[in-house]
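Chemist: Every letter in the first sequence is one number past the one before it in my numbering, and letter 454, counting from 1, is 491.
Glycine included, every Cβ here is placed at the ideal spot set by N, Cα and C.
Please read these numbers as outputs of a predicted model, since none were measured by experiment.
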Amino acid sequence: MQKALYYINITEKNKRGIIMNYREYIASRLESITGLSCEEIKKVIEIPPDPKMGDMAFPCFILAKTLKKAPPLIANELMSELNNDIKFEKVQAVGPYLNFFFNRAEFEKDVLTRVKESKGSFDKSEEGKGKTVLVEYSSPNIAKPFHIGHLFSTAIGNSLARIYEYLGYDVKRLNHLGDWGTQFGKLICAYKRWGDPKVIEKDPINELLKIYVKFHEEAEKNPALDDEAREYFKLLENNDPETTKLWQYFRDVSLKEFKRVYDMLGVSFDSYAGESFYGDKMQEVVDILREKNLLTESDGAQVVMLDDMNMPPCIILKSDGATIYATRDIAAALYRKRTYDFYKNIYVVGTPQALHFRQIFEVMKRAGWDWANNCIHVGFGLVKFPDKKLSTRHGDVVFLEDVLNESIQKTREKIEQSNPDIGDKEEVAKRIGIGAILYTFLKNNREKDIVFSWDSMLDFEGESAPYVQYSYARGRSILRRCNTDFSNPDFSKTTSDEEYELVKQINAFGNAVSDAADKNEPFYITRYVTNLAKCFNKFYNTHPILKGDVDVQTQKARLAIVDAATQVIKSALYLLGIETVESM
RNA sequence: GCGCCAGUAGCUCAGUUGGAUAGAGUGUUUGGCUACGAACCAAAAGGUCGGGGGUUCGAAUCCCUUCUGGCGUACCA
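Structure (C-alpha cells):
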C-alpha cells in the first residue's frame with residue numbers, strides 16, 4: 038500500500054497537483070493497452086460529474102470506430118485489464134465510461150505533505166519569474182467622490198495583481214488617475230464662482246462635488262459657463278500659475294481621501310501617474326503616427342481610419358488641434374513599454390470602454406508595435422441602482438466609504454450578539470465587513486452588472502466572505518485548542534467521503550489560480566474558496582476531532598487535514614484581497 | 001441601422017476544446033445546538049437551459065434564424 042506511488046515520477050515541472058500525475062499514469066497504462074497516444078488519452082480523460090462515479094474517467098467513445106465495438110463493451114474489456122493495478126482502489130466500467138478510483142490514503146498523504154512543506158504558499162509558482170505584468174486599476178477622477186462603482190475596478194485589479202504575484206510575476210500596480218481634461222476647467226470655474234475655501238477645507242471632496250453639480254445645473258441655464266470652463270482649462274494647459282496651483286490643491290486633497298479608502302481595502306499602488314503625467318508625451322505619438330502615414334484628416338480632425346476593422350475612426354487630434362484620451366492612452370502605453378518592458382499590460386476598465394481599447398490597440402499595431410498584442414483590456418460590468426444609473430454629474434452617488442462603514446457596523450452588531458467576548462472587535466469587524474463587500478464584487482463573472490442593494494451586499498449567509506472566514510475561524514479554533522502533535526499522521530483511517538472530498542478540494546487550489554490568471558477572472562478563486570469552505574464545513578459537521586472518543590491516529594490525521602484546509606483558505610482569500618480572522 | 005455582451009429554478013448566478021441524472025446560494029417547507037463555534041449542517045420542493053430550425057451516437061455548449069434586454073457607436077473619459 039505504501040509503495041503505491043513509487044513508480045510515479047514526480048518531476049519538478051509536474052509537482053502541481055497529484056491529479057496531474059494520475060492523469061499521466063492512467064494515460065501511460067491505457068497507451069500500452071489501446072494503442073492510442075498518451076497525448077490523445079490525456080485530452081479526453083475527465084473528472085466525473087459526481088464523485089461517487091470515481092476520481093477520473095476515460096470515455097471510450099474514441100475507440101469505438103477503430104475497434105468497431107460498442108463503447109460499453111470496450112470499457113468492460115479495459116476494466117479487466119486494469120483491475121489489479123495497485124495504484125487504484127478500483128477500476129469500474131459504467132456504460133461507455135471507465136472510472137478510476139484512487140487510493141485515498143495515499144492521495145491524502147501526498148496532498149497534505151505538499152501543503153505542509155509549502156509553508157503557507159501552497160502551489161505558489163515561479164512561472165512568471167523575470168516577467169513584468171502591469172495592472173492598471175481603480176483610476177478614480179480627482180476632485181470627485183470615490184463611489185461604489187470604483188470598487189469594481191479596484192477589487193478586480195487588486196486581486197489580479199496578487200494572483201500574478203503568486204505565479205511569480207513582477208507586478209506593477211498602476212493608478213491611472215483622472216487628473217486632466219476639460220472637467221477641470223469646469224471645476225475651477227465653479228470654484229471661482231461659488232467655492233468657499235474654508236468650507237472646502239473641512240470636507241474637500243463633498244464640497245467640490247457640490248459645486249461641480251451646481252456647475253452642471255447652472256450651465257444648462259447658461260451655456261456661456263461652458264465656454265468659461267474651456268478657457269480655464271486652456272489656462273491650465275498653458276501652465277498658468279494660479280490655475281495650476283488650484284489644480285494641484287484639488288489633486289492633493291483628493292489623493293489624501295483616496296488613500297484613506299485604499300488603506301481600508303488593503304490596496305496599494307506603485308504609481309499614481311495619471312492623465313496629466315502624459316501631457317508632454319503625446320506629441321511624439323502624433324509625430325510617429327504621422328510619420329507612418331496613419332493619420333488622415335476627417336472633418337477637421339486627425340484620425341486613424343479603421344473601417345476595414347469595422348470600427349469608427351480613432352481620433353488622435355480633435356478639430357481644434359487638441360489631444361484626446363486615445364492619444365493619451367497610446368502615449369501611456371508607449372511610456373510603459375519603455376519604462377517597464379512589460380510582458381502583459383492589463384487595463385482593468387469597464388466594458389463600456391471596450392471599443393476604445395480595441396481602437397487604440399489596433400492603432401498601436403499599425404504603428405508597428407507588436408507588443409500591442411500584450412495589452413489586454415479586462416472589462417467589468419456596471420454598478421446600477423434598481424431604477425437609475427450612477428451619475429456624478431447629478432450628484433446621486435453612493436460613497437464607497439459609506440458602504441464599507443455600513444458593512445463594518447453591521448458586523449459589529451453581529452459580533453455583539455453572537456460572540457461579544459472576542460478580542461479586538463474593531464479589527465475583526467473591519468476585516469469581515471470589508472471582506473463581505475469585496476466578495477460581492479468578486480463572486481461572479483466580472484462582465485456581469487451588479488445591481489446595488491444593501492440587502493444582498495450585507496447578506497452574510499451562504500455564498501459570502503463571512504461564510505468562508507467563519508469556516509477558517511472554526512478550523513483555527515480547533516488547532517488552537519489541541520495539544521496533539523500531528524506531524525506524521527497516518528491517513529488510513531480518514532478515507533471517508535467527507536474527508537477525501539475536502540483533501541481533493543485542497544488539491545485543486547493550483548488549478549483555480551491558473552484558471553483565474555488565464556482568464557483574468559478572480560471569481561474562479563472566489564468559487565474555489567467557497568467550495569473549499571463548504572467541503573470543510575461538511576467534514577467539520579460529520580467528523581469529530583477533539584470531542585468524543587476519537588482514537589489518536591485518526592485525530593492526528595484529521596488535525597492535519599484541518600491545518601491544510603485553513604492554510605489554503607487563507608491563501609485563497611489573500612488572492613482576493615480578503616483577510617481572515619482567528620475568531621469572529 | 002451596425003458592433004459587442006447577455007437570456008439557465010421565484011430571485012442572484014455557476015456550468016464551452018459537445019459527453020453520464022443541468023448545479024450552487026438565496027427564498028419557501030422541515031429537521032439538527034446541555035456546542036471541537038448554528039455567520040453552520042441535513043432534507044424536501046422548485047427547470048420546455050428565451051422561441052424555432054440544423055449539425056451527430058450525443059447539444060445549455062457548435063451553426064442558422066428569430067424575440068427580448070444591456071452597453072457601445074469620431075472630436076467627454
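1. Based on Cα-Cα distance, which residue from Ile193, Asp289, Ser65, Asp552 lies nearest to Glu238?
2. Please identify the residue among Asp87, Ala198, Tyr315, Glu464 whose C-alpha is closest to the C-alpha of Tyr174.
3. Let me check understanding here. Comparing Cα to Cα, which of Thr603, Ser608, Pro278 lies closest to Arg517?
4. Who are the Cβ neighbours of Ser130 in its own chain at under 8 Å, not counting the five residues just before and after it?
5. Taking Gly547 as the reference, give the member of Glu163, Asp486, Tyr299, Ser291 with the closest Cα.
6. I'd like to know if the region 529–548 and the region 587–598 are in contact, where contact means that at least 3 CB-CB pairs between them fall below 8 Å.
7. Give a yes or no on whether the C-beta atoms belonging to Tyr565 and Ala554 are separated by under 8 Å.
8. Are the region 175–189 and the region 215–229 in contact at 8 Å, needing three or more beta carbon pairs?
9. Taking the runs of the beta strand (DSSP E) that are 3 residues or longer, which of them lie wholly in the region 100–182?
10. Is there contact here, the region 446–456 with the region 605–612, by at least three beta-carbon pairs under 8 Å?
11. Taking the C-alpha atoms as reference points, what is the distance between Gly585 and Pro503?
12. For Pro241, which residues in the same chain have their Cβ closer than 6 Å to its Cβ, ignoring the five residues on either side in sequence?
13. Please confirm whether Met93 and Ile82 have their CB atoms less than 8 Å apart.
14. Counting C-beta neighbours from all protein chains within 10 Å, is the total for Met621 16 or more, i.e. buried, or is it exposed?
15. For Leu67, tell me which candidate among Cys97, Leu245, Lys161 has the shortest Cα-Cα distance.
16. Just to confirm my understanding: we take Glu145, look at its own chain, exclude 5 residues before and 5 after, and list those with CB closer than 6 Å. What are they?
17. Does the separation of the CB atoms of Glu535 and Lys575 fall below 8 Å?
18. Taking the beta strand (DSSP E) that Arg564 belongs to, which residues open and close that run?
19. Provide the residue span of the beta strand (DSSP E) that contains Asn243, from first to last.
20. When you compare each of Tyr537, Thr567, Ala510, Pro526 to Thr617 by their alpha carbons, which one comes out closest?
21. Just checking, does the region 192–206 make contact with the region 252–264 on the three C-beta pairs under 8 Å criterion?
22. Is the separation between the beta-carbon of Thr563 and that of Tyr507 shorter than 8 Å?
23. Under the rule that 16 or more other beta-carbon atoms within 10 Å means buried, what is Ala261, buried or exposed?
24. Among Thr150, Glu154, Leu119, Gly157, which residue has its Cα nearest to the Cα of Met139?
25. Excluding sequence positions up to five away, which residues of its chain have a Cβ less than 6 Å from the Cβ of Leu302?
26. According to DSSP, is Ser455 part of a helix, a strand, or is it coil?
27. Ignoring anything shorter than 3 residues or poking outside the region 296–348, list the beta strand (DSSP E) runs there in chain order.
28. Below 7 Å CB to CB, which residues in the same chain sit around Leu583 once its five sequence neighbours on both sides are set aside?
Modeler: Judging by the given coordinates:
1. With distances taken between Cα atoms, Glu238 lies closest to Asp289.
2. Comparing Cα positions, the closest option is Ala198.
3. Measuring from the Cα of Arg517, the nearest candidate turns out to be Thr603.
4. For the sequence presented, residue 130 should be read as Ala rather than Ser. Here Ala130 has Pro109, Ala112, Asn113, Leu115, Met116, Asn136 as same chain residues with Cβ atoms under 8 Å from its own Cβ, once five neighbours each way along the sequence are excluded.
5. Taking the Cα of Gly547 as reference, the smallest distance to any Cα among Glu163, Asp486, Tyr299, Ser291 is reached at Glu163.
6. With a cut-off of 8 Å on Cβ pairs, the region 529–548 is in contact with the region 587–598, counting three or more such pairs.
7. Cβ atoms of Tyr565 and Ala554: not closer than 8 Å.
8. Because the criterion of three Cβ pairs below 8 Å is met, the region 175–189 and the region 215–229 touch.
9. Here the runs fully enclosed are 125–131, 134–139, 169–173.
10. Counting Cβ pairs under 8 Å, fewer than three are found: no touch.
11. One C-alpha to the other measures close to 28 Å.
12. Cβ neighbours of Pro241 beyond the five flanking positions: Val290.
13. The answer is yes: Cβ separation under 8 Å.
14. Counting the other CB atoms within 10 Å of its CB gives Met621 a total of 16 or more, which places it among the buried residues.
15. Residue Cys97 is the option with its Cα nearest to Leu67.
16. Cβ neighbours of Glu145 beyond the five flanking positions: Phe528, Val540.
17. Result yes, Cβ atoms of Glu535 and Lys575 sit closer than 8 Å.
18. Element bounds for Arg564: not the beta strand (DSSP E) but the alpha helix (DSSP H), 560–579.
19. Per DSSP, Asn243 lies in no beta strand (DSSP E) segment; the continuous alpha helix (DSSP H) that holds it begins and ends at 241–258.
20. The shortest C-alpha separation from Thr617 is found at Ala510.
21. The region 252–264 and the region 192–206 do not touch, with fewer than three beta-carbon pairs separated by less than 8 Å.
22. In this structure, Tyr507 does not lie closer than 8 Å to Thr563 by Cβ.
23. Exposed.
24. The question names Met, yet the displayed sequence has Phe at residue 139. The option with the nearest alpha carbon to Phe139 is Leu119.
25. The beta carbon of Leu302 sits closer than 6 Å to none of the beta carbons in its chain outside the five residues before and after it.
26. DSSP places Ser455 in helix when its eight states are reduced to three.
27. You should have 332–335, 338–341.
28. Ile515, Arg518, Cys519.
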